[in-house]
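>
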Amino acid sequence: MKKFIALILLLMLVVPTAMAEADFDFTSYSYDQLIGIKEQLDAEIATRPEAGARVLQPGQYVVGKDIAQGIYDVGFVPAEADDTYTNWYIYDTKQMYDYDVSRLYLGDLPRDEGRVQEGSSVKVELFDGDYFVIYRSAASIERTGNAVPVEYDYTAPEGTSIPTGIYIIGEEIPAGKYTIYFNGEAPSRVRTYANPEDATNDFKDTDFEAVLAMYNTSVEVNLKEGYAFRLEYNSVIMKKSEGFVFD
65 MKKFIALILL
75 LMLVVPTAMA
85 EADFDFTSYS
95 YDQLIGIKEQ
105 LDAEIATRPE
115 AGARVLQPGQ
125 YVVGKDIAQG
135 IYDVGFVPAE
145 ADDTYTNWYI
155 YDTKQMYDYD
165 VSRLYLGDLP
175 RDEGRVQEGS
185 SVKVELFDGD
195 YFVIYRSAAS
205 IERTGNAVPV
215 EYDYTAPEGT
225 SIPTGIYIIG
235 EEIPAGKYTI
245 YFNGEAPSRV
255 RTYANPEDAT
265 NDFKDTDFEA
275 VLAMYNTSVE
285 VNLKEGYAFR
295 LEYNSVIMKK
305 SEGFVFD
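Structure representation (C-alpha cells):
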C-alpha cells in the first residue's frame with residue numbers, strides 16, 4: 065500500500081502536466097487504499113501556499129499528522145452566531161494538554177497561547193509533534209511558510225537522573241537548594257507541595273511549578289524538609305552543591 069501511494073506521488077512530481085490532463089481510474093482500488101491516497105494528498109496540498117486558508121473547528125490537532133508543520137496566519141471564524149473570539153494554545157505534548165484538561169483549565173502552561181477576534185489575526189509557528197488546540201470557536205489557518213526548528217546548543221549536564229514520581233523531601237531526596245535541568249530529550253514538569261497529601265490532587269495549588277524543555281533548560285528550587293516533589297512526563301537531571309545519590 066505504501067509503495068503504491070509513493071508511486072502515485074512520484075508520478076505527480078515527475079509528470080505534473082500529464083497528470084493534470086489525465087483521468088485516473090481508481091475503481092479497482094479498495095476503500096482503505098483510496099482513503100490512504102486521499103489523506104496523503106490532502107496533507108501535501110495543505111503545505112502549499114496556493115491551497116489558501118482552511119477552517120479548524122474547536123478541537124485538538126497533532127502537528128505533523130492533522131496539520132502540516134509551518135508558519136500560519138490564524139484568524140477568527142464564528143462557530144455560532146453569537147461567538148466573538150477564538151482561543152488557541154500550543155502545547156509541547158499531549159500529556160501537557162491533558163493535565164490542563166484534568167484541572168478544567170486551558171492555558172496553564174502551554175508553550176504559546178492567544179486569542180483572535182473578528183478583524184484580527186496572529187502568526188503562529190507549529191512544529192512536528194506540537195499539540196495545537198482551538199477553543200471556544202472555530203479558526204481559519206493559512207500556511208505562509210515553513211517552521212524551521214531552532215537549533216539549540218544544549219547538552220544535559222552530569223548529575224543525578226530523577227525518574228518520574230512523587231518524592232518526600234527529607235526521606236527520598238535530601239532537603240536543600242537544587243538546580244534542575246532539562247534531560248535534553250523530552251519535556252518534564254516539576255512541582256512542589258508544602259502538604260504532601262496535595263501532591264496527588266491536580267486541583268491543589270503548588271508551592272513551585274515549572275516546565276523543563278529545550279526553551280527552558282534549568283530552574284533553581286529550594287526543596288524543603290517534608291515537602292512533596294512531583295515530577296511528570298519524563299526524567300530530569302538534579303544537582304545539589306554537595307551532591308547526593310538517588311536510590
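Residue numbers (this note's numbering): 65 to 311. Each residue gets a CB set at the ideal place from its N, CA and C atoms; glycine is no exception. No experiment lies behind these values; they were computed from the predicted model shown.
Is it right to say TYR216 is buried, meaning 16 or more other beta carbons lie within 10 angstroms of its own, or is it exposed?
The residue labelled residue 216 in the question sits at position 152 within the sequence shown. With fewer than 16 Cβ atoms within 10 Å of its Cβ, TYR216 is classed as exposed.
> According to DSSP, simplified to helix, strand and coil, what is GLU177?
Along the sequence shown, one-based indexing puts residue 177 at 113. Correct three-state label for GLU177: strand.
> CA-CA distance, PHE191 and GLU206?
Within the sequence shown, numbered from 1, the residue matching residue 191 stands at position 127. Within the sequence shown, numbered from 1, the residue matching residue 206 stands at position 142. Approximately 15 Å, taken between the alpha carbons.
> Whose CA, out of TYR169, LEU120 and LYS129, lies closest to the CA of ASP194?
Taking the sequence shown and counting its residues from 1, the one referred to as residue 194 is at position 130. Considering only alpha carbons, the answer is LYS129.
> As a quick exercise: from SER204, ASP164, SER201 and PHE246, pick the residue whose alpha carbon is nearest that of THR219.
Within the sequence shown, residue 219 is the residue found at index 155, counting from 1. Minimum Cα distance to THR219 is reached at PHE246.
> Could you tell me whether the Cβ atoms of GLN133 and ALA250 are closer together than 7 Å?
Within the sequence shown, residue 133 is the residue found at index 69, counting from 1. Within the sequence shown, residue 250 is the residue found at index 186, counting from 1. No, Cβ-Cβ distance for GLN133 and ALA250 is not below 7 Å.
> Please decide whether GLU261 counts as near chain C, where near means a Cβ-Cβ distance under 7 Å.
Of the protein chains in the structure, only one exists, and it is not chain C.
> Check the C-beta distance from ALA292 over to ALA263 and give it rounded, since I have them as a contact under 8 Å.
What you label residue 292 is simply residue 228 of the sequence shown in a count that begins at 1. What you label residue 263 is simply residue 199 of the sequence shown in a count that begins at 1. Correct: roughly 4 Å between the Cβ atoms.
> Secondary structure at ASP164, three-state DSSP: helix, strand or coil?
Working through the sequence shown from its first residue, we reach residue 164 at position 100. ASP164 carries a helical assignment under DSSP once its states are collapsed to helix, strand and coil.
> From what residue to what residue does the beta strand (DSSP E) around SER204 run?
As a first step, residue 204 is located in the sequence shown; it is residue number 140 there, counting from the start. Element bounds for SER204: 202 to 209.
> Nearest to GLY229 by CA position, among TYR161, SER252 and TYR95, is which residue?
Numbered from its first residue, the sequence shown carries residue 229 at position 165. When only C-alpha atoms are compared, the closest one is SER252.
> What do you get for SER201, buried or exposed, if any count of 16 or more other CB atoms within 10 angstroms of its CB means buried?
Within the sequence shown, residue 201 is the residue found at index 137, counting from 1. Label assigned to SER201: buried.
> To which residues of the same chain is LEU120 closer than 7 Å at the C-beta, ignoring the five residues directly before and after it?
Residue mapping note: residue 120 aligns to position 56 of the sequence shown, counting from 1. Taken in chain order, the residues that qualify are ILE198, ALA202, ALA203 and ILE205.
> DSSP three-state call for LYS268: helix, strand or coil?
Stepping through the sequence shown from its first residue, residue 268 is reached at position 204. Of the three classes helix, strand and coil, the one that applies to LYS268 here is coil, per DSSP.
> Please return the same chain residues whose Cβ sits closer than 7 Å to the Cβ of VAL186, not counting the five positions on each side in sequence.
Reading the sequence shown from its first residue, position 122 is the one you call residue 186. Closer than 7 Å at the Cβ level, and outside the excluded window around VAL186, lie VAL138, GLY178 and VAL180.
> Could you check the C-alpha separation between MET83 and THR243 for me, to the nearest Å?
Here residue 83 is taken as the residue at index 19 of the sequence shown, counted from 1. Here residue 243 is taken as the residue at index 179 of the sequence shown, counted from 1. The pLDDT assigned to MET83 is 49, lower than 50, so where the model puts this residue is not dependable, and the model offers no usable value.
> Between the Cα of THR281 and the Cα atoms of TYR163, GLY123, PRO221 and LEU295, which residue gives the shortest distance?
Taking the first residue of the sequence shown as 1, we reach residue 281 at position 217. It is PRO221.
> Does DSSP put GLY134 in a helix, a strand or coil?
On the sequence shown, position 70 is the one that residue 134 refers to. GLY134: strand per DSSP, three-state reduction.
> Could you please give me the residues that DSSP links to GLU273 through a beta bridge?
To locate residue 273, count along the sequence shown from 1; it is residue 209. According to the DSSP secondary-structure assignment, GLU273 is paired through a beta bridge with ARG255.
> Could you have a look at GLY139 and say whether DSSP puts it in helix, strand or coil?
As a first step, residue 139 must be located in the sequence shown, where it is residue number 75. Of the three classes helix, strand and coil, the one that applies to GLY139 here is strand, per DSSP.
> Using the beta-carbon count (16 or more within 10 Å), is ASP320 buried or exposed?
Nothing about residue 320 can be read from this structure; the chain reaches only from 65 to 311.
> Find the nearest neighbour of GLN159 within the set ALA145, ASP146, TRP152 and PRO174, judged by alpha-carbon distance.
As a first step, residue 159 must be located in the sequence shown, where it is residue number 95. Checked all of ALA145, ASP146, TRP152 and PRO174; the closest Cα to GLN159 is PRO174.
> Could you check if ILE237 is buried or exposed, using at least 16 other CB atoms within 10 Å of its CB as the buried criterion?
The sequence position of residue 237 within the sequence shown is 173, counting from 1. By the 10 Å Cβ count, ILE237 comes out buried.
> For GLU144, count the other beta carbons within 10 Å of its own beta carbon; 16 or more makes it buried, fewer makes it exposed. Which is it?
As a first step, residue 144 must be located in the sequence shown, where it is residue number 80. Label assigned to GLU144: exposed.
> Is the CB-CB distance between LEU287 and VAL254 below 7 Å?
Here residue 287 is taken as the residue at index 223 of the sequence shown, counted from 1. Here residue 254 is taken as the residue at index 190 of the sequence shown, counted from 1. Not in contact: LEU287 and VAL254 (Cβ atoms no closer than 7 Å).
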